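Numbering (the numbering used here), first residue to last: 113 to 442.
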């Protein structure tokens with residue numbers, strides 16, 4: 113599917129926040145003159161304001177750039193309850209079957225598979241065959257205890273992720289996915305997991321808050337415009353985790369949420385600069401009247417970043433939904 117860490121419908125990396133829900137788009141050409149530089153991450157554009165069945169493709173370079181920050185941010189506190197649940201499952205010859213939805217280049221598997229014991233078989237779902245290729249080639253081969261990890265790829269859409277598709281699944285994962293979905297799509301995901309009786313670990317959903325140091329008078333206005341951009345065309349944006357928690361709980365799941373912020377400093381200057389371009393670009397796309405002030409703001413922020421003096425916290429939330437086991441669970 114084309115959403116998620118791989119290629120969210122709203123932007124790159126899904127996730128667009130720069131982290132999550134927005135990744136800088138290419139070919140946007142800034143916003144006039146030297147305008148807001150949107151970066152070079154997006155490889156093809158969707159029609160403005162339209163949720164396309166053929167979403168933009170996002171460059172593996174952006175996903176590579178954000179992968180260390182993603183790995184550092186994900187909430188390891190959710191892994192113990194997940195491990196307990198997985199340990200209670202009956203053994204399978206092929207080990208745990210994990211479905212990674214909107215896998216992009218596969219960073220979720222590279223992070224999680226080596227943290228879990230036992231043989232694993234990962235099923236990587238994405239709409240973009242270009243990204244699926246990267247995910248398969250770079251997939252991990254061994255689990256935490258040295259057991260074998262295997263992978264397969266499936267090109268498809270979230271709408272087709274039914275309980276039948278999850279038969280035998282031990283876990284569903286996604287990264288930077290929820291905030292680029294609609295309430296209906298989140299409901300589809302929760303229903304499929306609940307019907308299959310498998311837990312879901314959904315990481316790095318944008319929380320709608322950003323802290324920049326040093327502060328700037330325009331920070332709050334850019335944040336507000338960006339959040340509005342994330343909610344356009346029915347996407348949940350910063351409301352995604354609450355919506356997902358409600359959807360899973362409605363199916364009887366036990367839901368836990370935990371903060372998973374990006375913490376970007378001088379060592380992450382390249383990522384911070386790309387994030388700034390995408391974040392400000394999305395805000396201006398939402399509110400074109402900000403353009404002139406946003407141009408100056410971005411110029412100033414990039415200069416502070418290049419000097420090693422900018423620190424950014426991009427807030428996200430990870431969610432673990434422990435669905436009730438069913439007869440269809442492994």
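Just so it is clear, CB atoms sit at the ideal spot from N, CA and C, and this is done for glycine as well.
Owing to the predicted nature of the structure, the values given are computational and were not obtained by experimental measurement.
- At which residues does the alpha helix (DSSP H) containing residue 335 begin and terminate? 331–342
- Query: Which runs of the beta strand (DSSP E) spanning at least 3 residues fall entirely within the stretch 218–254, listed in chain order?
  - Reply: 232–238
- Item | Beta-carbon proximity of residue 240 to residue 222, cut-off 9 Å | no
- Taking three-plus beta-carbon pairs below 8 Å as touching, is the stretch 320–339 in contact with the stretch 302–311? no
- Task: Spell out the partners DSSP gives residue 428 in its beta bridges.
- Result: 318
- Report yes if the C-beta of residue 388 is less than 8 Å from at least one heavy atom of the ligand MN; otherwise report no. As for the ligand MN, it is missing from this structure, which has no ligand bound.
- Item | For residue 277, the nearest candidate out of 212, 383, 180 (CA to CA) | 212
- Message: Quick check on DSSP: helix, strand or coil for residue 274?
- Response: coil
- Do you know how far the Cα of residue 402 is from the Cα of residue 315? 31 Å
- Item | Nearest neighbour of residue 425, chosen from 419, 394, 388 [CA to CA] | 388
- Message: Tell me the DSSP secondary structure of residue 438 in three-state form.
- Response: coil
- As assigned by DSSP and simplified to three states, the class of residue 197: helix
- Message: Could you give the first and the last residue of the continuous alpha helix (DSSP H) run that contains residue 392?
- Response: 381–398
- Query: Going by alpha carbons, who is nearest to residue 434 out of 393, 371, 357?
  - Reply: 357
- Please classify residue 160: is it buried, with 16 or more other beta-carbons within 10 angstroms of its beta-carbon, or exposed? Low confidence applies to residue 160: its pLDDT is 37, below 50, so where it sits in the model is not reliable, and the reading given next is rough at best. The residue is exposed, with fewer than 16 neighbouring Cβ atoms inside 10 Å.
- Message: If the criterion is Cβ atoms closer than 9 Å, does the pair residue 236 and residue 263 meet it?
- Response: yes
- Query: Is the distance from the Cβ of residue 282 to the Cβ of residue 209 below 9 Å?
  - Reply: yes
- Leaving out five residues before and five after residue 397 in sequence, what residues of the same chain have Cβ atoms less than 7 Å from its Cβ? 341
- Please look up how many angstroms separate the CB atoms of residue 446 and residue 189, rounded, as I've assumed it's under 8 Å. Examination of residue 446 is not possible in this model, given that the chain is present from 113 through 442 alone.
- Message: I'd like to confirm the pairing. Which residues does DSSP put opposite residue 371 in its beta bridges?
- Response: 429
- Message: Less than 6 Å between C-beta atoms, sequence neighbours within five positions excluded: which residues of the same chain meet that for residue 162?
- Response: Confidence in residue 162 is poor, its pLDDT being 38 and thus under 50, which makes the residue's placement unreliable; the coordinate value appears in the next sentence. Closer than 6 Å at the Cβ level, and outside the excluded window around residue 162, lies no residue.
- Query: Which residues mark the beginning and the end of the alpha helix (DSSP H) in which residue 211 is found?
  - Reply: First-last for residue 211: 208–213, but that is the beta strand (DSSP E), not the alpha helix (DSSP H).
- Message: Going by DSSP, what residue range makes up the beta strand (DSSP E) through residue 404?
- Response: It is not in any beta strand (DSSP E) - residue 404 instead sits in the alpha helix (DSSP H) that spans 403–418.
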